[in-house]
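Peer 1: So the number in my numbering is just where the residue sits in the sequence shown, counting from 1, plus 475.
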Amino acid sequence: MNPFNRWGIGILMFALTGFWFLYKPPKKIEKSSSSPILTQNIQPYETKDLEDSPQSSKPPKSTLSLANKEQTPPKLTPPKKISPENSNHQTQDPPLPYQGPMTEVTYKISGDWAIAYGDILLGKLENAGQFKLGRHRPDRPRIWDSHIIPFGIHSDLKQKERVEAAIKYFNENTVIRFVPLEPADADALIFVSDADNCASYLGRIGGMQPIMVADKCGRQELIHEIMHALGFVHEHSRIDRDNYLQVIWDKIDPEYWPQFAQVPDTLVHDYHGSVFDFDSFSAMLYSPTAFAKIPGEITLRARGNLQLSPSRDGLSSVDRERLFYLYGK
């Protein structure tokens, strides 16, 4: 064979091999069969309250501290966008006592966030304007796929020891095991700094999921917010709460009435009632004087011989049992 022909064939084969490596189709990744809350199509109440995040949404630019490892941290999942225009919104507080439809959630507008029950994130608002309140019909929250949950801490968060103390409490006292975030992790809890709010999404939303940490958030408040992220609602918002306590509406500052609303059935896992009775010691229960117009006045009164004494140092025994019920299998 002519040596020039041999060289030509070799060059052609090298070029074809390089083309195949450069342009071979990417490996197909199977999506999880369980669609996360607030990232699926929402069936709205009357009009569309929640809309999908636009592709141009930019997540926060802050970096994370990842177990003292020199890594490039993942980006936070962009928050859901909520449009109040032509939606079911109000500019006035609800009448006393607050009794909304049991199929929907009332949220207050804090900055550009929609927050239900005082500390449960629904998503971000677009052009909130003069609106103060909105309503949304939620889906059932998702629990995490495992009791082992990755977490990260934003580098701009002050007093990281608060988060570390809350994480340590769960790891030492519950079935939950929080582990430092690794680059391969698809879902994780990310503790981020916020000027005003101690708040969390309810259950797993998928991706890098924020828990907001204001300066006022201590270890106990963070334990409370982590419980929300694990799928737990407030104990005083249970659908059967009137069997156990009385809400003294006229003693509550009207600004906080929506925080005492009962939750729809769709937000409550079946551990309520069918497995465990009302827990008057739960860390998810407000204090008997919470949000009183006059400090010290009773806003939640127990019925019968029940004693309202919510835990202020970690979780109650029933809180821990419920965690085991959902995550210990």
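Built from N, CA and C at the ideal position, the CB exists for glycine as well.
#1: DSSP puts Met687 in a beta bridge; with which residues?
#2: Going by CA-CA distance only, name the one from Gln734, His711, Asp620 that's closest to Lys804.
#3: Whole alpha helix (DSSP H) runs in the stretch 577 to 664 with 4 or more residues, listed along the chain?
#4: What number of angstroms, rounded off, separates the C-alpha of Gln420 from the C-alpha of Asn780?
#5: For Gln684, is the classification buried or exposed, using 16 other Cβ atoms within 10 angstroms of its Cβ as the cut-off for buried?
#6: Residue range of the alpha helix (DSSP H) that Arg795 falls in?
#7: From Asn561 to Phe606, what distance separates their C-alpha atoms?
#8: If we count Cβ pairs, one from each stretch, closer than 8 Å, do we get three or more for the stretch 669 to 680 versus the stretch 637 to 656?
#9: Could you please give the first and the last residue of the uninterrupted beta strand (DSSP E) stretch that includes Ala777?
#10: Does Thr578 pass the burial test, meaning 16 or more other C-beta atoms within 10 Å, or should it be called exposed?
#11: Going by DSSP, what residues sit across from Gln734 in a beta bridge?
#12: Quick check on Leu720: does DSSP put it in helix, strand or coil?
#13: Excluding sequence positions up to five away, which residues of its chain have a Cβ less than 8 Å from the Cβ of Val654?
#14: If distances are taken between C-alpha atoms only, which option among Leu664, Phe666, Ser784 comes closest to His711?
#15: What do you reckon, are the CB atoms on His709 and Tyr582 nearer than 8 Å?
#16: Does DSSP classify Ile727 as helix, strand or coil?
#17: Taking Arg778 and Leu697 to be in contact with their CB atoms under 8 Å, please state how far apart those CB atoms are, rounded to whole angstroms.
#18: Could you round the C-beta distance between Asp794 and Asp754 to whole angstroms and report it? I think they count as a contact, below 8 Å.
#19: To the nearest angstrom, report how far apart Val650 and Lys633 are at their CA atoms.
#20: How long is the line joining the alpha carbons of Asp631 and Arg637, rounded to whole angstroms?
#21: So, using beta-carbon positions, are Ala689 and Ala670 closer together than 8 Å?
#22: Given a threshold of 16 other Cβ atoms within 10 Å of its Cβ, counted over all protein chains shown, does Ser791 qualify as buried or as exposed?
Peer 2: Working from what's here:
#1: Walking along the sequence shown from the start, residue 687 turns up at place 212. In the DSSP assignment, Met687 is bridged to Val667, Ala674.
#2: On the sequence shown, position 329 is the one that residue 804 refers to. Distances from the alpha-carbon of Lys804 to those of Gln734, His711, Asp620 put Asp620 closest.
#3: Listed in chain order, the complete alpha helix (DSSP H) runs (minimum 4 residues) inside the stretch 577 to 664 are 636 to 648.
#4: Only positions 476 to 804 of the chain appear in the structure, and residue 420 is not among them; the question remains open.
#5: Walking along the sequence shown from the start, residue 684 turns up at place 209. Looking at its Cβ environment, which holds 16 or more other Cβ atoms inside 10 Å, Gln684 is buried.
#6: To locate residue 795, count along the sequence shown from 1; it is residue 320. Arg795 -> alpha helix (DSSP H) spans 792 to 802.
#7: Translated into the one-based positions of the sequence shown, residue 561 becomes position 86. Translated into the one-based positions of the sequence shown, residue 606 becomes position 131. Note that Asn561 has pLDDT 32, beneath the 50 cutoff, so the model's placement of it is unreliable and no number is given.
#8: No, they do not touch.
#9: Here residue 777 is taken as the residue at index 302 of the sequence shown, counted from 1. Segment 775 to 777, the beta strand (DSSP E) holding Ala777.
#10: To locate residue 578, count along the sequence shown from 1; it is residue 103. With fewer than 16 other Cβ atoms within 10 Å, it is exposed.
#11: Numbered from 1 along the sequence shown, position 259 holds the residue referred to as residue 734. DSSP, once it has assigned bridges, lists no residue as partnering Gln734.
#12: Residue 720 sits at position 245 when you count from the first residue of the sequence shown. In this structure, Leu720 counts as strand in the three-state DSSP scheme.
#13: Against the sequence shown, residue 654 aligns to sequence position 179. Here Val654 has Ile623, Ile624, Pro625, Phe626 as same chain residues with Cβ atoms under 8 Å from its own Cβ, once five neighbours each way along the sequence are excluded.
#14: Locating residue 711 in the sequence shown gives position 236, where the first residue counts as 1. That would be Ser784, whose Cα lies nearest to the Cα of His711.
#15: On the sequence shown, residue 709 is found 234 positions in, with the first residue counted as 1. On the sequence shown, residue 582 is found 107 positions in, with the first residue counted as 1. No, the pair does not count as a contact, with Cβ atoms beyond the cut-off.
#16: Taking the sequence shown and counting its residues from 1, the one referred to as residue 727 is at position 252. Ile727 falls in the strand class under three-state DSSP.
#17: The residue given as residue 778 occupies position 303 in the sequence shown. The residue given as residue 697 occupies position 222 in the sequence shown. About 31 Å separates the two Cβ atoms, so there is no contact after all.
#18: Position 319 of the sequence shown holds residue 794. Position 279 of the sequence shown holds residue 754. The Cβ separation is near 7 Å, so the contact holds.
#19: Here residue 650 refers to the residue found at position 175 when the sequence shown is read from its first residue. Here residue 633 refers to the residue found at position 158 when the sequence shown is read from its first residue. Distance between the alpha carbons of Val650 and Lys633 is about 28 Å.
#20: Position 156 of the sequence shown, counting from 1, holds the residue named residue 631. Position 162 of the sequence shown, counting from 1, holds the residue named residue 637. Looking at the two C-alpha atoms, the distance is approximately 14 Å.
#21: Locating residue 689 in the sequence shown gives position 214, counting from the first residue. Locating residue 670 in the sequence shown gives position 195, counting from the first residue. Yes, the Cβ-Cβ distance between Ala689 and Ala670 is below 8 Å.
#22: Translated into positions along the sequence shown, residue 791 becomes position 316. With a 10 Å radius around the Cβ and a threshold of 16 neighbouring Cβ atoms, Ser791 comes out buried.
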